[in-house]
Amino acid sequence: MYQHRESQTMSPAEGRTMIIGSAGFIGWFLADACLQSGRPTYLLVRSGPGFASRSLKSSKIKSLVDRGATILHGCVKDGELMEKLIRENKIEVVISAVGGDCVWDQIHLIKAIKATGGLVKRFLPSEFGHDIDRAEPVEPGLMMYKEKRKVRRLIEESGVPYTYICCNSIAAWPYHDHTHPADLLPPLDRFHIYADGSVKAYFIAGTDIGKFTMRAVEDPRTLNKTLHFQPRTNLLSINDLARIWESQLGRSLPRVTISEDDLLSAAKEMRIPQSIVAALTHDIFITGCQVNYNLDKPTDVEVCSLYPDASFRSIDDCFKEFHAKIDDSKQTSKPPPPSSNSNKNGIILAGSKTEAVFITA
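Residue 145 in full-length UniProt numbering is what sits at position 145 of the sequence shown, and the numbering runs on without skipping anything.
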């Protein structure tokens, strides 16, 4: 039986934190915020031919290691190794940011945490999107949510202390046909507007997701709770996003309506992960899954209520950062070569191919 050592509290200097998936989009923000908080930060890098070397060579991982992060080699599916790493490094917080295709692998991690007998004071599974117990996307999005629900139930049954982070949408243009929208510039040629474009959602900057996650892991008020990110300043419709981006560009763009049927048809194609993204886009901008419920459960806590001093980056500020990376003389006058999926500034253009790394919802 897992025995949580509630008498022990963490301080920033003592809260040894292991992050799984730090090379991914959300994972990097979590690792960055962890280092900024002063916590000893451990990054699990997948072992095996090619995996470790590729991760160690990546600029993201290198930047974290240069700032003091420690690399741990292993795979989340290896439960015995996970238990060993947690014990040997006296890990107190485990944060998982694995991609959608690895959600079920976390069962091995949960068993490893339980086997340590109370060493881990907080576990944050890979969520960082919607409240998956409330949202009901169409397939194949529902399939992924069902896996996440099973992970939640296993955590609760095991007695492992947890916090679920429901930060809603990333502060970027919400493309329905790309797997990694936070890496993409907003449109430069035309907007795709979902239905009438009036349904609102919460758009949160990656830096804020990291910052408030780190506050939550040591807050007793978030123990065994679901932390919702619902800042009113960041509650916007896709029509709002279009107007903000046009103000940055200094020009208007044509609008093309993407109907509910269009999104459902894309979801029914069952191309993974593209159809998952279409299903989740439908849930956000047609069903309104981020705004169609009240926080009325005893396990619900909201970040602005917990931290009234909280300030969030605005979408306007995030879009300014995107705009600063546009090379107007090259990128607005002609599309990138078909073989290229990024420009020299490291920003992926909307018309280019993207890789399935992490789906945040």
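Cβ coordinates follow ideal geometry from the N, Cα and C atoms, glycine included. Computed from a predicted structure; not experimentally measured.
Which of the three DSSP states is assigned to residue i in this structure?
| i | result |
| --- | --- |
| Thr226 | strand |
| Asp300 | strand |
| Val256 | strand |
| Lys148 | helix |
| His178 | coil |
| His73 | strand |
| Lys200 | strand |
| Thr153 | Looking at the sequence itself, residue 153 is Arg, so the reference to Thr does not match. Correct three-state label for Arg153: helix. |
| Leu81 | helix |
| His192 | strand |
| Cys34 | helix |
| Phe285 | helix |
Ordered along the chain, which non-local residues of its own chain (more than five positions away) have a Cβ less than 6 Å from that of residue i?
| i | result |
| --- | --- |
| Asp206 | The question names Asp, but residue 206 is Gly in the sequence shown. Result list for Gly206: Phe29, in chain order. |
| Thr299 | Lys225 and Thr226 |
| residue 362 | For residue 362 there is no data in the structure shown, the boundaries of the chain being 1 and 361. |
| Glu127 | Tyr164 and Ile165 |
| Cys304 | Pro231 and Ala310 |
Once you ignore the five residues that flank residue i on each side, which residues in its own chain have a CB closer than 7 Å to its CB?
| i | result |
| --- | --- |
| Ile272 | Pro140 |
| Arg215 | Tyr307 |
| Ala112 | Gly79, Met82, Glu83 and Ile86 |
| Val103 | Ser126, Met144, Glu147, Lys148 and Val151 |
| Ile209 | Ile26, Phe29, Phe128 and Cys167 |
| Met270 | Pro140 |
Just mark residue i as buried or exposed, buried being the case when its beta carbon has 16 or more other beta carbons within 10 Å.
| i | result |
| --- | --- |
| Arg46 | buried |
| Thr70 | exposed |
| Gly68 | exposed |
| Lys114 | buried |
| Ser22 | buried |
| Glu355 | Confidence at Glu355 is low in this model, with a pLDDT of 37, below 50, so its placement is unreliable and no value can be given for it. |
| Thr41 | buried |
| Pro254 | exposed |
| Asp261 | exposed |
| Val301 | buried |
Among the candidates the options, whose CA atom is the shortest distance from the CA of residue i?
| i | options | result |
| --- | --- | --- |
| Asn239 | Ala279, Ala267, Tyr194 and Thr222 | Tyr194 |
| Asp66 | Ile91, Ile86 and Gln36 | Gln36 |
| residue 363 | Lys121, Arg243 and Asn234 | Because the chain in this structure spans residues 1 to 361, residue 363 falls outside the shown range and cannot be described. |
| Gly15 | Lys121, Leu72 and Phe285 | Lys121 |
| Leu72 | Leu43, Arg251 and Gly129 | Leu43 |
| His130 | Asp189, Asn168 and Glu136 | Asn168 |
| Gly100 | Lys60, Lys148 and Leu119 | Lys148 |
| Val151 | Tyr175, Thr17, Leu124 and Ala171 | Leu124 |
| Leu249 | Ser58, Arg190 and Ser314 | Arg190 |
| Pro161 | Thr257, Val217, Ser63 and Asp316 | Val217 |
| Ala31 | Phe212, His178 and Glu246 | Phe212 |
| Gln106 | Ile19, Leu235 and Asp317 | Ile19 |
Considering only residues of the same chain and omitting the five flanking positions on each side of residue i, which have a CB-CB separation below 8 Å?
| i | result |
| --- | --- |
| Thr233 | Phe312 and Ser314 |
| Gln8 | With a pLDDT of 47 at Gln8, under the threshold of 50, the modelled position of this residue cannot be trusted; read the value that follows with caution. Only Lys121 meet the Cβ criterion. |
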